[in-house]
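Chains as they are written, first to last, in the working numbering: chain B, -14 to 144; chain W, -6 to 131.
The structure under discussion appears below in the form of structure tokens.
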Amino acid sequence: MKNLSVLLVLLGVTSLFAATQNTVIVPTDSLQDKTQTETITVDYPAYKKQNNMVLKANKKILISVLGQGVAPVNTSSPAQAYALAKRAAVADAYRLIAEKVKGVRVDGQDLVKNMMVKRSTVRTSVAAMVRHANIVETTFKDGLCQIEMEIEISHDQFQ
Amino acid sequence: MSNRDGDRDIPRSISVALFFLLFSLALHASEYLISYQYTVKDAILYNESLQIAKSMKKCKGIAYNPIIFKTQDSKNLEKIINTDRERFIEYIHKLGLYLKHSETTSNAVNSSMTFLTLKTTCFKVDFNDTFVRISPLK
Chain B
-14 MKNLSVLLVL LGVTSLFAAT QNTVIVPTDS LQDKTQTETI TVDYPAYKKQ
36 NNMVLKANKK ILISVLGQGV APVNTSSPAQ AYALAKRAAV ADAYRLIAEK
86 VKGVRVDGQD LVKNMMVKRS TVRTSVAAMV RHANIVETTF KDGLCQIEME
136 IEISHDQFQ
Chain W
-6 MSNRDGDRDI PRSISVALFF LLFSLALHAS EYLISYQYTV KDAILYNESL
44 QIAKSMKKCK GIAYNPIIFK TQDSKNLEKI INTDRERFIE YIHKLGLYLK
94 HSETTSNAVN SSMTFLTLKT TCFKVDFNDT FVRISPLK
């Protein structure tokens, strides 16, 4: 009984020490018969981060977006309209990729005067560097150009 | 190093010829600064600009990922690029563009602005008789 209480005190001290050192004590089968303990040091924040990450090591994610662009009204030919609409669609596709990968900054502002909303404004913005994005499919109909764009993202790119 | 007659001209002449050959090749290689930007406003292309200028000072870096254009013995890079502008712009897209997008919705009225930019980049340009090789320096 005395031995057991000494062992428990030792365990308590070890676990307290481990908690301050960001370690996890892993109970083993041998722990149950109270003869020995095995302590594995785990970098807990990194372990937690790894488990919560969307992009895991040695795995790739394929992001697919559909960008839309409109041809201007005053174009001299359908070919020009297509070329201009395609540019706009590419920019839209890039923006969607950036939004998915990097996220969007959102700012909102409401102006209330005499208990009435006078103006409600939402501003969103994103800034990113996009490279190695591929156009998969392009369609142009009724002045609207749609581009399907893909980008492959791997864990190594963010190392 | 001498030959049997005691002349030292044969290896030296080869080295001199090689020097002039390499020097003449180097004369045809030059560096250009290229920048590109286009603006899309409310899903419509608003402005596009491709700037090409010869570099006034030597650029540092290693050439990578070249693109080749066919030429008719022309040395005007702007003219060469403009003959197949679409291909060059697609190539620039592959290199990577900096994107800046902002969107405002005020009282349910939406407006957006997107800028795509290739920051001024130094390109090594090798002119040959029938083609030109353009490669960015990193």
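The beta carbon of each residue, even a glycine, is placed where N, CA and C say it ideally should be.
Ordered along the chain, which non-local residues of its own chain (more than five positions away) have a Cβ less than 7 Å from that of residue i?
i	result
aspartate 35 of chain W	Ser104, Ser105
isoleucine 138 of chain B	Leu40, Lys45, Ile46, Ile48, Val86
tyrosine 84 of chain W	Ile60
tyrosine 39 of chain W	Thr32, Val33
serine 128 of chain W	Ala56, Tyr57, Asn58, Pro59, Phe116, Lys117
arginine 80 of chain B	Val111
serine 48 of chain W	Glu24, Tyr25, Leu26, Cys115
valine 5 of chain W	Sequence inspection shows arginine at residue 5 of chain W; the valine mentioned does not correspond to that position. Excluding sequence neighbours, arginine 5 of chain W sits near nothing in its chain.
Return helix, strand or coil for residue i, following the three-state DSSP convention.
i	result
alanine 74 of chain B	helix
aspartate 119 of chain W	strand
asparagine 100 of chain W	coil
asparagine 37 of chain B	helix
arginine 55 of chain W	Per the sequence presented here, residue 55 of chain W reads as isoleucine, with arginine not at that position. Three-state DSSP puts isoleucine 55 of chain W in coil, outside helix and strand.
threonine 60 of chain B	coil
glutamine 53 of chain B	strand
lysine 85 of chain B	helix
arginine 108 of chain B	strand
asparagine 75 of chain W	helix
arginine 116 of chain B	coil
lysine 87 of chain W	helix
alanine 46 of chain W	strand
glutamine 142 of chain B	helix
glutamine 65 of chain W	coil
Of all the CB atoms in chain B, is at least one closer than 8 Å to the CB of residue i?
i	result
tyrosine 29 of chain W	no
tyrosine 91 of chain W	yes
isoleucine 37 of chain W	yes
serine 17 of chain W	Confidence at serine 17 of chain W is low in this model, with a pLDDT of 47, below 50, so its placement is unreliable and the value that follows should be read with caution. By this cut-off, serine 17 of chain W is not an interface position.
leucine 88 of chain W	yes
glutamate 41 of chain W	yes
valine 125 of chain W	no
valine 218 of chain W	Beyond the ends of chain W as shown, which are -6 and 131, falls residue 218 of chain W; an answer cannot be given.
Residue i CB to nearest chain W CB: under 8 Å?
i	result
aspartate 127 of chain B	no
glutamine 163 of chain B	The requested residue 163 of chain B does not occur in the structure, where chain B is confined to residues -14 to 144.
serine 62 of chain B	no
aspartate 141 of chain B	no
alanine 78 of chain B	no
alanine 83 of chain B	yes
arginine 42 of chain B	Note that residue 42 of chain B is alanine in the sequence shown here, rather than arginine. Not one chain W Cβ lies under 8 Å of alanine 42 of chain B.
So, at 6 Å on beta carbons, what are the nonlocal neighbours of residue i in its own chain, with the 5 sequence-adjacent residues on each side left out?
i	result
leucine 109 of chain W	Tyr31, Leu90, Leu92
proline 12 of chain B	Its pLDDT being 46, under 50, proline 12 of chain B is placed unreliably in this model, and the coordinates cannot settle the point.
threonine 109 of chain B	Val89, Val91
arginine 126 of chain W	Pro59, Ile61, Asp119
serine 95 of chain W	Met106
tyrosine 29 of chain W	Leu43, Ile85, Leu111
histidine 140 of chain B	Leu40, Ala42
valine 102 of chain W	none
Shorter than 7 Å, the distance from the beta carbon of residue i to the closest heavy atom of the ligand FAD, or not?
i	result
valine 107 of chain B	Annotation note on the ligand FAD: not contained in the displayed structure, which lists no ligands.
For residue i, go through chain D and note every residue whose CB falls closer than 9 Å to its CB, in chain order.
i	result
tyrosine 67 of chain B	Chain labels in this structure do not include chain D; the protein chains are B and W.
Residues in the same chain with beta-carbon distance under 8 Å from residue i, minus the five sequence neighbours each way, listed in chain order, please.
i	result
isoleucine 73 of chain W	Phe62, Thr64, Ser67, Val125
aspartate 95 of chain B	Val102, Arg104, Ser105, Thr106
glutamate 71 of chain W	Ile45
Report the residue from the options whose alpha carbon sits nearest the alpha carbon of residue i.
i	options	result
isoleucine 136 of chain B	B:His117, B:Asn99, B:Thr124, B:Phe125	B:His117
threonine 123 of chain B	B:Pro57, B:Gln53, B:Asn37	B:Gln53
leucine 130 of chain W	W:Ala101, W:Thr113, W:Lys112, W:Tyr57	W:Tyr57
alanine 113 of chain B	B:Lys71, B:Val121, B:Glu84	B:Glu84
lysine 87 of chain W	B:Val115, B:Val50, B:Glu133	B:Val115
phenylalanine 125 of chain B	B:Tyr67, B:Asp141, B:Val75	B:Tyr67
threonine 113 of chain W	W:Arg5, W:Ile37, W:Cys52	W:Cys52
asparagine 59 of chain B	B:Asp141, B:His140, B:Gly128	B:Gly128
aspartate 122 of chain W	W:Asp77, W:Glu41, W:Asn69	W:Asn69
alanine 74 of chain B	B:Cys130, B:His140, B:Gly93	B:Cys130
isoleucine 120 of chain B	B:Asn99, B:Val50, B:Asn37	B:Val50
So if I threshold CB-CB distances at 8 Å, which residues from the stretch 85 to 118 of chain B count as touching chain W?
Arg104, Ser105, Thr106, Val107, Arg108, Thr109, Ser110, Val111, Ala112, Ala113, Met114, Val115, Arg116, His117, Ala118
Taking Cβ-Cβ distances below 7 Å as the criterion, which residues of the stretch 94 to 113 of chain W are in contact with chain B?
His94, Ser95, Glu96, Thr97, Thr98, Ser99, Asn100, Thr107, Leu109
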